[in-house]
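As numbered in our numbering, residues 65 to 331 make up the sequence shown, in order. Yeah, the Cβ is synthetic: ideal placement off N, Cα and C, and Gly gets one too. Since the model is a prediction, treat every value here as computed from it, not as a measurement.
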Amino acid sequence: MLQSSELKLVESFSHFCDLHGLRYFLMGGTFLGAVRHHGFIPWDDDIDVGMPRPDYEKLCVLMEKENSRVGSFPFRNFKNSDTYEYVARLENPETKIIDRSAAEVEKRNSWMDIFALDGMPNNALLRKVHSFNLMRLRLMLKYSEFNKVSVNYTERPFSEKALIKVGKIIRPEKWLDTRKCLDKLDKALQKYSYESSEYVVNFMGAYKLREMFPKRFYDDDCNYTFEDLNLRGPRDYDAVLSQLYGSDYMEPPSDQMKNKHFTEVVR
């Protein structure tokens, strides 16, 4: 039911992008699913797409004219709604889910995520400095909502576990303004032009800087079968997926290594 709901979202989104000449690409596990399973990863139900920053901003402008809807589906980001999520979402109100991944259980519409791909400095040293600043600002954003941090996700690296322990002591959500953190992060992400950058990154994705690739990967795309749809992704899928998941990405993981999602469909 949830996968069917999300297929409606991505079908409508893809059609809208084609109609308006907007570039998009399947990202992360959605792209892996397209390559390995020609659709959803069987134990997953996410739809993630990325858009070059210029196309993402055009989408946001179009949303102002379209009453923040793609077809009949609401489009939400932190600029057009009261959400504190940086990543934009296209939602399907026909399907409700309970999200148990945060500190407080939430009932919400099913959704697909829309990420912005941003430029990085061409100079290697500046790229490291900018990367550090982005990580700092992302941490500040997460700290500003520390009371909403997922308590169910245990597969964190040691560094994140340490930061969570610090957060429990200093309670940063009491003195950090989430809106200001969002604005600062948004400004930093757009500091370097997408078109003039040799490297671009889906920094707000799950893999952060691991999703930094040469921009040429996104200059050449092709269609991939995803269930009964044809959706776009980078042509050099092997380079992208090997960097994200290792050279054996075509081999399904063991049961204990499969991502666990804390959602439950209620309608």
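Own chain partners of GLU209 with C-beta closer than 8 Å, once the 5 adjacent residues on each side are dropped: The residue you call residue 209 lines up with position 145 of the sequence shown. Excluding sequence neighbours, GLU209 sits near TYR148, GLU237, THR242.
Is the beta carbon of ILE178 less than 7 Å from the beta carbon of VAL125? As a first step, residue 178 is located in the sequence shown; it is residue number 114 there, counting from the start. As a first step, residue 125 is located in the sequence shown; it is residue number 61 there, counting from the start. Taking the C-beta atoms as reference points, VAL125 is found no nearer than 7 Å to ILE178.
Inside the segment 103 to 179 only - alpha helix (DSSP H) runs reaching at least 4 residues: Those alpha helix (DSSP H) runs which fall completely within the segment 103 to 179 and span 4+ residues are 117 to 129.
Three Cβ pairs or more, each shorter than 8 Å: is that satisfied between the segment 94 to 113 and the segment 129 to 136? Because the criterion of three Cβ pairs below 8 Å is not met, the segment 94 to 113 and the segment 129 to 136 do not touch.
Could you please give me the residues that DSSP links to LEU181 through a beta bridge? Position 117 of the sequence shown, counted from the first residue, corresponds to residue 181. DSSP lists PRO116 as partners of LEU181.
Since LEU73 is in the alpha helix (DSSP H), which residue starts that stretch and which ends it? Sequence index remark: in the sequence shown, residue 73 carries index 9 (1-based). Boundaries of the alpha helix (DSSP H) harbouring LEU73: 66 to 84, taken from the DSSP string.
Within its chain, find whatever has a CB closer than 7 Å to the CB of PRO185; leave out the 5 residues flanking it on each side and keep chain order. For the purposes of this step, residue 185 is taken as residue 121 along the sequence shown, with counting starting at 1. Here the set comprises ARG191, HIS194, TYR256.
Segment contact flag, the segment 263 to 275 with the segment 196 to 203, C-beta cutoff 8 Å, min 3 pairs: Touching, yes.
Distance, Cα to Cα, ARG202 vs LEU249? Sequence index remark: in the sequence shown, residue 202 carries index 138 (1-based). Sequence index remark: in the sequence shown, residue 249 carries index 185 (1-based). Taking the straight line from one Cα to the other gives about 7 Å.
Sort CYS81, PHE137, ALA152 by Cα distance to LYS143 and report the nearest one. For this step, residue 143 is matched to residue 79 along the sequence shown. The residue with the shortest Cα to Cα distance from LYS143 is ALA152.
Could you spell out where the beta strand (DSSP E) holding ASP287 opens and where it closes? What you label residue 287 is simply residue 223 of the sequence shown in a count that begins at 1. The sequence given here places Asn at residue 287; Asp does not occur at that position. Counting along the chain, the beta strand (DSSP E) containing ASN287 begins and ends at 285 to 290.
Would the segment 285 to 302 count as touching the segment 68 to 77 if we require 3 or more Cβ pairs under 8 Å? As far as the Cβ criterion goes, the segment 285 to 302 touches the segment 68 to 77, which means the pair count is three or higher.
Suppose only complete runs of 4+ residues qualify. What are the alpha helix (DSSP H) ranges in the segment 189 to 277, listed by chain order? Counting whole runs of 4 or more residues, the segment 189 to 277 contains the alpha helix (DSSP H) stretches 222 to 234, 242 to 253.
I need the boundaries of the alpha helix (DSSP H) containing ARG100, first residue and last residue. Indexing the sequence shown from 1 puts residue 100 at position 36. According to the DSSP assignment, ARG100 belongs to the alpha helix (DSSP H) that extends over 92 to 100.
Can you tell me the Cα-Cα spacing of ASN187 and ASN266, whole angstroms? Position 123 of the sequence shown holds residue 187. Position 202 of the sequence shown holds residue 266. Going by the C-alpha atoms only, they are around 19 Å apart.
Quick one: grab the DSSP three-state call for ARG296. Here residue 296 refers to the residue found at position 232 of the sequence shown. Three-state DSSP puts ARG296 in a strand.
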